[in-house]
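K.L.:
For the sequence shown, our numbering assigns the number 3 to the initial residue and increments by one for each residue that follows. For glycine and all other residues, C-beta sits at the position ideal for the given N, C-alpha and C. From a predicted model like this one, the values you see are computed outputs, not experimental measurements. Quick one: the structure is below, and I'll ask about it shortly.
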Amino acid sequence: MSVPRVSCLLPVYNGEAFLREAIRSIQAQSFTDFEIVVVDDGSTDGTPEILAQLASDDPRIRVRRQPNGGIVAALNAGIELCRGEFIARMDADDIALPDRFEVQVRHLEAHPGCVLVGGVAKQLAPDGSMLGGTTGGRHRVTDLNVFPPKVAVSMHPLIMVRRAALLEIGGYRADFPHAEDYDLFIRLAKLGTIDNPDQAVLIYRRHEGAISLKHLELQERSAALAEVEACTAHRNGRPAVGEIPAWVVEPYIRFRILRRYFSVDRAKAKALLPRVIGDIGSLSFRTLLSRDYWTLRVRMAAWVARSLARA
């Protein structure tokens, strides 16, 4: 079997409900030089049977089944099997639009400095209605010179990345639970740009209850700590800037959690708001002398003022 240009990496765990539709959307791509690498992470539902049937009908589908080890283990196992120059991520409950691969391959070919390309995801609500599109973030360029940093991201289920770059950074890491994609974006930015063309390439399925409040807080903490690690490494050789101490990091984590709660749980946001306002008004000796804290203070104050004005 010849080496394909694109390897589509799809990890799945108990995904029988939408798995067939997701894979069919890849099979229907206008760009046809691809393989589909599926890692079944120990599914206990009908996923193995669906995959066996699909793979028997299409030799481009390669399946690896392994004991349940979590998303990072599944993704890294899949990367080992991917042979294409480009690796496209896909989730088992989303729908790729027919020209997704064509759009993304063309972008990577035209922009050699781009290491990862995303696009716009249309959002499908549980009731079947279509919501607005999103690229996953607002920053176009990653900047680690300030804290909190600016981080360019994309929607993880729709990215296409250069395989050589993924191998160079060592794939995914389990150090930051529920933020492994965010950590990946930060590390990849050292190798090139992360671009989000203004074109829809995926239908992203939103589920009722998909946002776990417990995981929300862990995810935001993990994302903040990934930023801290990256900024600290970036500052090596610049001792005058100093390390980022916990008394700066913890208010930042509270602020990140508040922003998320503000859109998904107003009661929890209201309970946390006084603590964040206290962080903004902190006048201790160390917060007054810290450049990092002043940058954070200004960002928190601006966001709180805008949010309260809209509420």
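Rounded to a whole number of angstroms, what is the C-alpha to C-alpha distance between Ala127 and Arg164?
P.N.:
So the two alpha carbons sit approximately 31 Å from each other.
K.L.:
Quick check on the DSSP output: the beta strand (DSSP E) that includes Ser9 runs from which residue to which?
P.N.:
Note, Ser9: beta strand (DSSP E), Val8 to Val14.
K.L.:
Just reading off the alpha helix (DSSP H) that Met302 is part of, what are its end residues?
P.N.:
Where Met302 is concerned, the enclosing alpha helix (DSSP H) stretches over Arg293 to Arg312.
K.L.:
Here's the rule: buried if 16 or more other CB atoms are within 10 angstroms of the residue's CB, otherwise exposed. What is Val5?
P.N.:
Val5 should be labelled exposed.
K.L.:
Buried or exposed: Leu11, going by 16 or more other Cβ atoms within 10 Å of its Cβ?
P.N.:
Under this definition Leu11 is a buried residue.
K.L.:
Which residues does DSSP list as the beta-bridge partners of Ile205?
P.N.:
Ile205 pairs with Ile97 and Lys124.
K.L.:
If I'm right that Asn70 touches Thr49 with Cβ under 8 Å, what's the distance once you round it to whole angstroms?
P.N.:
Rounded, the Cβ-Cβ distance is 12 Å, inconsistent with contact.
K.L.:
Return the chain-ordered list of same chain residues with a C-beta closer than 7 Å to the C-beta of Val65, the five sequence neighbours on each side being excluded.
P.N.:
Correct list, in chain order: Val40, Asp42, Leu53 and Ala57.
K.L.:
Under the three-state reduction of DSSP, which class applies to Val243: helix, strand or coil?
P.N.:
Because the pLDDT at Val243 is just 49, under 50, the model does not fix this residue reliably, and the value given afterwards should be weighed accordingly. The answer is coil: DSSP assigns Val243 none of H, G, I, E or B.
K.L.:
Kindly list the residues whose CB is nearer than 7 Å to the CB of Tyr295, restricted to its own chain and excluding five residues on each side of it in sequence; keep chain order.
P.N.:
Excluding residues within five positions, the ones whose Cβ falls inside 7 Å are Val250 and Thr289.
K.L.:
State yes or no: is the C-beta of Ile282 within less than 8 Å of the C-beta of Ala248?
P.N.:
No.
K.L.:
What distance in whole Å lies between the Cβ atoms of Ala228 and Tyr174, which are believed to be in contact at a cut-off of 8 Å?
P.N.:
In fact, because the Cβ distance is near 12 Å, the residues do not count as touching under 8 Å.
K.L.:
Rounded to a whole number of angstroms, what is the C-alpha to C-alpha distance between Arg308 and Asp177?
P.N.:
Rounded to whole angstroms, Arg308 to Asp177 spans 33 Å at the Cα level.
K.L.:
Are the beta-carbon atoms of Met162 and Thr136 separated by less than 8 Å?
P.N.:
The answer is no: Cβ separation not under 8 Å.
K.L.:
From Met252 to Leu298, what distance separates their C-alpha atoms?
P.N.:
The sequence given here places Glu at residue 252; Met does not occur at that position. Distance between the alpha carbons of Glu252 and Leu298: 11 Å.
K.L.:
Taking a contact to mean a Cβ-Cβ separation below 8 Å, would you say Val105 touches Val203 in this structure?
P.N.:
Yes, these two residues count as a Cβ contact at 8 Å.
K.L.:
Do Ile89 and Leu168 have their C-beta atoms within less than 8 Å of each other?
P.N.:
The answer is yes: Cβ separation under 8 Å.
K.L.:
Write down the C-beta distance between Leu193 and Glu170 rounded to the nearest angstrom, noting that I regard them as a contact closer than 8 Å.
P.N.:
Contact holds; Cβ gap of about 7 Å.
K.L.:
Please tell me whether Ala24 and Asp93 are closer than 8 Å, where the distance is taken between their beta carbons.
P.N.:
Yes, Cβ-Cβ distance for Ala24 and Asp93 is below 8 Å.
K.L.:
If I'm right that Pro100 touches Ala30 with Cβ under 8 Å, what's the distance once you round it to whole angstroms?
P.N.:
Yes, they are in contact, since the Cβ atoms of Pro100 and Ala30 sit about 6 Å apart, within 8 Å.
K.L.:
Only counting the same chain, and skipping five residues up and downstream in sequence, which positions put a Cβ closer than 7 Å to that of Ala242?
P.N.:
With a pLDDT of 44 at Ala242, under the threshold of 50, the modelled position of this residue cannot be trusted; read the value that follows with caution. Counting only Cβ-Cβ distances below 7 Å, and skipping sequence neighbours, we find nothing.
K.L.:
Excluding sequence positions up to five away, which residues of its chain have a Cβ less than 7 Å from the Cβ of Ser27?
P.N.:
Excluding sequence neighbours, Ser27 sits near Ile97 and Ala98.
K.L.:
Please classify Pro150: is it buried, with 16 or more other beta-carbons within 10 angstroms of its beta-carbon, or exposed?
P.N.:
Result: buried.
K.L.:
Report the rounded CA-to-CA distance for Arg85 versus Ser292, giving the unit in angstroms.
P.N.:
Near 48 Å, if we compare the C-alpha coordinates of Ser292 and Arg85.
K.L.:
Could you give the DSSP three-state label for Glu87: helix, strand or coil?
P.N.:
It is coil, neither helix nor strand.
K.L.:
Once the 5 residues before and after Glu182 are set aside, which same chain residues still bring their CB inside 6 Å of it?
P.N.:
Correct list, in chain order: Val74 and Tyr174.
K.L.:
Let me know if Leu190 comes out buried or exposed under the rule of 16 or more other beta-carbons within 10 Å of its beta-carbon.
P.N.:
With 16 or more Cβ atoms within 10 Å of its Cβ, Leu190 is classed as buried.
K.L.:
With distance defined between alpha-carbon atoms, name the residue in Arg207, Val278, Gly80 and Ser286 nearest to Trp305.
P.N.:
Of Arg207, Val278, Gly80 and Ser286, the residue nearest in Cα terms is Val278.
K.L.:
Need the endpoints of the alpha helix (DSSP H) that Thr34 sits in, please.
P.N.:
Note, Thr34: premise wrong, no alpha helix (DSSP H); not H, not E.
K.L.:
What's the gap between the Cα of Ser147 and the Cα of Asn238?
P.N.:
Correcting the residue type first, residue 147 is Asn in the shown sequence and not Ser. Straight-line Cα distance between these residues: approximately 12 Å.
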